[in-house]
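**Student:** My numbering puts the first residue of the sequence shown at 1, with every later residue one more than the last.
C-beta: ideal position from N, C-alpha, C; glycine also.
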Amino acid sequence: MNVTALNLQRLLPGVDFCAHSATGTGTPSVDPVDLFVNGVTADSRQVRPGDVFVAVRGTQSDGHAHIGDAVANGAVAVVVQQAQSNIPVPQYVVPCSATAFAKMTMTVHVGHRCPIVNVGITGTNGKTTTSWMLRSMMQAAGLRTGLIGTIESSDGVSSSVSTMTTPSADALAVHLKTLMQQQATHNVMEISSHALVQKRCEGIRLSAAAITNITQDHFDYHGTADAYRAAKAQIAGLLHPDAPLLLNMDDPGCQFLLDRMVGSAAIISYGIQHPDAELRASLLHRTHRSQRLRLHLAQGDAEVRLRLIGQHNVSNSLVAAGLAEQLGIRIRDIVEGLESLHNVPGRLERIDEGQAFQVLVDYAHTTDALERCLATIREYVPGRLICVFGAGGNRDQSKRPMMAEAAAAADLCIVTSDNPRNEDPQQIIAQITAGFPRGTQFTTRTDRREAIALAFELAEAGDVVLLAGKGHESIQEIGRQQLPFDDRVVARELLRPLSGSRTLHELSTACALNRSA
Numbered sequence: 001m002n003v004t005a006l007n008l009q010r011l012l013p014g015v016d017f018c019a020h021s022a023t024g025t026g027t028p029s030v031d032p033v034d035l036f037v038n039g040v041t042a043d044s045r046q047v048r049p050g051d052v053f054v055a056v057r058g059t060q061s062d063g064h065a066h067i068g069d070a071v072a073n074g075a076v077a078v079v080v081q082q083a084q085s086n087i088p089v090p091q092y093v094v095p096c097s098a099t100a101f102a103k104m105t106m107t108v109h110v111g112h113r114c115p116i117v118n119v120g121i122t123g124t125n126g127k128t129t130t131s132w133m134l135r136s137m138m139q140a141a142g143l144r145t146g147l148i149g150t151i152e153s154s155d156g157v158s159s160s161v162s163t164m165t166t167p168s169a170d171a172l173a174v175h176l177k178t179l180m181q182q183q184a185t186h187n188v189m190e191i192s193s194h195a196l197v198q199k200r201c202e203g204i205r206l207s208a209a210a211i212t213n214i215t216q217d218h219f220d221y222h223g224t225a226d227a228y229r230a231a232k233a234q235i236a237g238l239l240h241p242d243a244p245l246l247l248n249m250d251d252p253g254c255q256f257l258l259d260r261m262v263g264s265a266a267i268i269s270y271g272i273q274h275p276d277a278e279l280r281a282s283l284l285h286r287t288h289r290s291q292r293l294r295l296h297l298a299q300g301d302a303e304v305r306l307r308l309i310g311q312h313n314v315s316n317s318l319v320a321a322g323l324a325e326q327l328g329i330r331i332r333d334i335v336e337g338l339e340s341l342h343n344v345p346g347r348l349e350r351i352d353e354g355q356a357f358q359v360l361v362d363y364a365h366t367t368d369a370l371e372r373c374l375a376t377i378r379e380y381v382p383g384r385l386i387c388v389f390g391a392g393g394n395r396d397q398s399k400r401p402m403m404a405e406a407a408a409a410a411d412l413c414i415v416t417s418d419n420p421r422n423e424d425p426q427q428i429i430a431q432i433t434a435g436f437p438r439g440t441q442f443t444t445r446t447d448r449r450e451a452i453a454l455a456f457e458l459a460e461a462g463d464v465v466l467l468a469g470k471g472h473e474s475i476q477e478i479g480r481q482q483l484p485f486d487d488r489v490v491a492r493e494l495l496r497p498l499s500g501s502r503t504l505h506e507l508s509t510a511c512a513l514n515r516s517a
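#1: Can you tell me the Cα-Cα spacing of C114 and H472, whole angstroms?
#2: So, are the CB atoms of D301 and Q273 less than 7 Å apart?
#3: For A184 and F256, what's the separation of their Cα atoms in angstroms?
#4: Would you kindly report the start and end of the unbroken beta strand (DSSP E) that includes G146?
#5: Expressed to the nearest angstrom, what Euclidean distance is found between the alpha-carbon atoms of R280 and R305?
#6: Leaving out five residues on either side along the sequence, give the residues of the same chain with a beta carbon under 7 Å from the beta carbon of G74.
#7: Shortest alpha-carbon distance to D43 belongs to which of F36, R10 and S97?
#8: Between the alpha carbons of L318 and S282, how many angstroms are there, rounded?
#9: For T443, which option in S131, P497 and D411 has the closest C-alpha, if you only look at C-alpha atoms?
#10: Given E278, which residues of its chain have a CB within under 8 Å of its CB, disregarding the five upstream and five downstream residues?
#11: Using a Cβ-Cβ cut-off of 7 Å (strictly less than) and excluding sequence neighbours within five positions of Q198, which residues of its own chain qualify?
#12: Excluding five sequence neighbours on each side, which residues of the same chain lie with their C-beta closer than 6 Å to the C-beta of R372?
#13: How many Å lie between D487 and I67 at the Cα?
#14: If you drop the 5 nearest sequence neighbours on each side, which residues of the same chain put their C-beta closer than 8 Å to that of H505?
#15: Go through its chain and collect everything with a Cβ distance to K399's Cβ below 8 Å, but skip five positions before and after it.
#16: Any idea if P425 is buried or exposed, counting beta-carbon neighbours within 10 angstroms, 16 or more meaning buried?
#17: Determine contact between the segment 354-362 and the segment 319-337, defined as no fewer than three beta-carbon pairs at a distance below 8 Å.
#18: Considering only residues of the segment 411-487, which uninterrupted alpha helix (DSSP H) runs meet the minimum length of 4 residues and lie entirely inside it, listed in chain order?
#19: Near Q234, which residues of its chain fall below 8 Å by C-beta distance, leaving aside the five closest residues on each side in sequence?
#20: Measuring CB to CB, does A451 end up less than 7 Å from V388?
#21: Could you check what DSSP says for N313 in three-state terms: helix, strand or coil?
#22: Anyone know if the C-beta pair for L247 and I211 falls short of 7 Å?
#23: Are the beta-carbon atoms of A265 and G120 separated by less than 7 Å?
#24: Can you pull the DSSP bridge partners for C387?
#25: Reducing DSSP to helix, strand and coil, say where E303 ends up.
#26: Whole angstroms are fine: how far does the CA of V174 sit from the CA of L11?
#27: Once the 5 residues before and after I475 are set aside, which same chain residues still bring their CB inside 7 Å of it?
#28: Starting from F256 and walking both ways along the alpha helix (DSSP H), at which residues does that stretch end?
#29: On a Cα-Cα basis, can you pick out the residue from S131, N38 and V117 that is closest to V344?
#30: Distance, Cα to Cα, T376 vs Q441?
#31: Compute the beta-carbon to beta-carbon distance between I386 and L495, rounded to the nearest angstrom, for a pair I have assumed lies under 8 Å.
#32: Skipping 5 residues on each side, what residues in its chain have a beta carbon closer than 8 Å to that of C201?
#33: Per DSSP, what kind of secondary structure is L495 in: helix, strand or coil?
#34: Give me whichever residues DSSP pairs with I549 in a beta bridge.
#35: Considering just the uninterrupted stretch of the beta strand (DSSP E) at L8, what are its terminal residues?
#36: Using 7 Å as the limit for Cβ to Cβ distance, is M106 near chain C?
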């Protein structure tokens, strides 16, 4: 950040710095009122002369261990959580350096008052689709709207591929600065549980927020269900005073939080099954390509033709509409926004190259998401349902057999690699297949392309092949490599030359299908 003459105390208005001398005790050599810096960074390698370095404790390393490097690179002050000895520059102790960094970097790029209206969405599943729905409603209302999420980041004019759901605090600040430059007025954010725990969004205040659901995921990071729920609940702390938080009353995880969050936010409940939900939706008609529903909102009722199928998308549309009306969006713009959204990349995305069977690609990589996805498809498939799926390496191992239990709703499962990362793919597959219920028909292929090809060879007219787990992703992480791999691209490559078919019996014999004992 190359900004001139930033007053250190003004970077964190309302915070009383506890400054320490070079030895870590006594009277500070420089009062923060008198200290001006050129920029703020939490990466010691990026420190330039005149910067202030914020020592943030991360998952891989602790910034406090790199204070010496930061000073050697020219830092004129450091912000720490614990006073350090033998530091030759002023140090300022704060309760949480990650929070301090998020607020400081936002002030540098945006100022003390952010003019952008920010909306945050968290939850295990549904964040992406809900955010795309909400953005579409805002665009229908004529609002230039930015987006931060799993698939893309947009400044309201142009977009780029995302590398993580919620970026770092300094990247968020740059994003909002760009929105201001593009004259955007609103911003929709997917906020991950990791980002909430790591305080990446503490420099932002939300005008509305929602928790879509809380099921099992990321236990490798959070450790327990209670810790994961507590992480999601932290989104309430990002809200402006009296700003609403929408909670899904159909979801046990959200119900668990409801009583525990009384007083921490203005709660608005929603649901398609819970009788006491304030916002509700009812299904009028559905086909394999669309569904008609009636939304019961605070403004009144609205009938919508939604091109995204599945009960989970009824819920997603309801919460998106609830957020929109809290921001003053009219019902007609809510309806137009929903009806103009034809698809979300990698979310039950259809792949059609003229084949006799259907192919759908979905990001479902949790037990709950896979169950919902398969249940949605099952309602419409006239033939068999074939599911290709895996589980990520270096992630929660306890959910692997649970994924198999969910996938068993298909007629045939092909277990393959997802993103094995630094784990043995065959070991991951073995842990998955151990969870199949008795009688499940399955086979395994370590190579994902081979697994997809096998699914297409087995599929007959009237069948549906679901490629689950990677959705919109365009790479596969194997070891330390990130290799190009997009289920949608691979599917099209394999479908185009496909001709002729053999019977299921012949192919089942040839590929040695297993049946769990």
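**Tutor:** Per the coordinate set shown:
#1: The sequence position of residue 114 within the sequence shown is 114, counting from 1. The sequence position of residue 472 within the sequence shown is 472, counting from 1. Their Cα atoms are separated by approximately 32 Å.
#2: If you number the sequence shown from 1, residue 301 lands on position 301. If you number the sequence shown from 1, residue 273 lands on position 273. Contact flag unset, no.
#3: Sequence index remark: in the sequence shown, residue 184 carries index 184 (1-based). Sequence index remark: in the sequence shown, residue 256 carries index 256 (1-based). Rounded to the nearest angstrom, the two C-alpha atoms are 36 Å apart.
#4: Counting from 1 along the sequence shown, the entry for residue 146 is found at position 146. Start and end: T145 to I148.
#5: Indexing the sequence shown from 1 puts residue 280 at position 280. Indexing the sequence shown from 1 puts residue 305 at position 305. Between R280 and R305, the C-alpha separation is close to 16 Å.
#6: The residue labelled residue 74 in the question sits at position 74 within the sequence shown. Hits under 7 Å: V47, R48, P49, G50 and D51.
#7: Taking the first residue of the sequence shown as 1, we reach residue 43 at position 43. Answer by Cα proximity: S97.
#8: For the purposes of this step, residue 318 is taken as the residue at position 318 of the sequence shown. For the purposes of this step, residue 282 is taken as the residue at position 282 of the sequence shown. Roughly 10 Å between the two C-alpha positions.
#9: Within the sequence shown, residue 443 is the residue found at index 443, counting from 1. Of the listed residues, the one whose Cα sits closest to T443 is D411.
#10: Position 278 of the sequence shown holds residue 278. Cβ within range, chain order: I268, S269, Y270 and A298.
#11: The count along the sequence shown starts at 1 and reaches residue 198 at position 198. Contacts found: A98.
#12: Taking the first residue of the sequence shown as position 1, residue 372 is located at position 372. Result list for R372: H312, in chain order.
#13: To locate residue 487, count along the sequence shown from 1; it is residue 487. To locate residue 67, count along the sequence shown from 1; it is residue 67. Straight-line spacing of the CA atoms in D487 and I67 works out to 44 Å.
#14: If you number the sequence shown from 1, residue 505 lands on position 505. In this predicted model, H505 has a pLDDT of only 39, less than 50, meaning its place in the structure is not dependable; the value taken from the coordinates is given anyway. Same-chain partners within the cutoff: there are none.
#15: As a working note, residue 399 is residue 399 in the sequence shown. Excluding sequence neighbours, K399 sits near Q216, D217, F219, T366, T367 and A391.
#16: Mapped onto the sequence shown, residue 425 falls at position 425. That one is buried.
#17: no
#18: 425-433 and 448-458
#19: Numbered from 1 along the sequence shown, position 234 holds the residue referred to as residue 234. Excluding positions up to five away in sequence, the list reads L196 and V197.
#20: The residue given as residue 451 occupies position 451 in the sequence shown. The residue given as residue 388 occupies position 388 in the sequence shown. Closer than 7 Å, so yes.
#21: Sequence index remark: in the sequence shown, residue 313 carries index 313 (1-based). Three-state result, N313: helix.
#22: Reading the sequence shown from its first residue, position 247 is the one you call residue 247. Reading the sequence shown from its first residue, position 211 is the one you call residue 211. Their beta carbons are under 7 Å apart, which means L247 touches I211 by this criterion.
#23: In the sequence shown, the residue the question calls residue 265 occupies position 265. In the sequence shown, the residue the question calls residue 120 occupies position 120. Going by C-beta atoms, A265 is not nearer than 7 Å to G120.
#24: Taking the first residue of the sequence shown as position 1, residue 387 is located at position 387. Partner(s): C413 and L466.
#25: Within the sequence shown, numbered from 1, the residue matching residue 303 stands at position 303. Looking at E303 - three-state DSSP - the assignment turns out to be strand.
#26: Residue numbering aside, residue 11 sits at position 11 when the sequence shown is read from its first letter. Residue numbering aside, residue 174 sits at position 174 when the sequence shown is read from its first letter. Distance between the alpha carbons of L11 and V174: 16 Å.
#27: Numbered from its first residue, the sequence shown carries residue 475 at position 475. Here the set comprises Q482, L483, P484 and F485.
#28: Looking up residue 256 in the sequence shown gives position 256. Where F256 is concerned, the enclosing alpha helix (DSSP H) stretches over P252 to R260.
#29: Within the sequence shown, residue 344 is the residue found at index 344, counting from 1. Measuring from the Cα of V344, the nearest candidate turns out to be S131.
#30: For this step, residue 376 is matched to residue 376 along the sequence shown. For this step, residue 441 is matched to residue 441 along the sequence shown. Approximately 20 Å between the Cα atoms of the pair.
#31: Taking the first residue of the sequence shown as position 1, residue 386 is located at position 386. Taking the first residue of the sequence shown as position 1, residue 495 is located at position 495. So it is not a contact: roughly 14 Å between Cβ atoms.
#32: Taking the first residue of the sequence shown as position 1, residue 201 is located at position 201. So the list reads A102, G120, T166, A169, L172, M189, I191, A195 and L238, once near-sequence residues are dropped.
#33: What you label residue 495 is simply residue 495 of the sequence shown in a count that begins at 1. Note: L495 maps to helix in three-state DSSP.
#34: It is not possible to answer for residue 549, since the shown part of the chain is limited to 1 through 517.
#35: Working through the sequence shown from its first residue, we reach residue 8 at position 8. No beta strand (DSSP E) holds L8; DSSP gives it neither H nor E.
#36: Absent from the structure is chain C; it holds one protein chain and no more.
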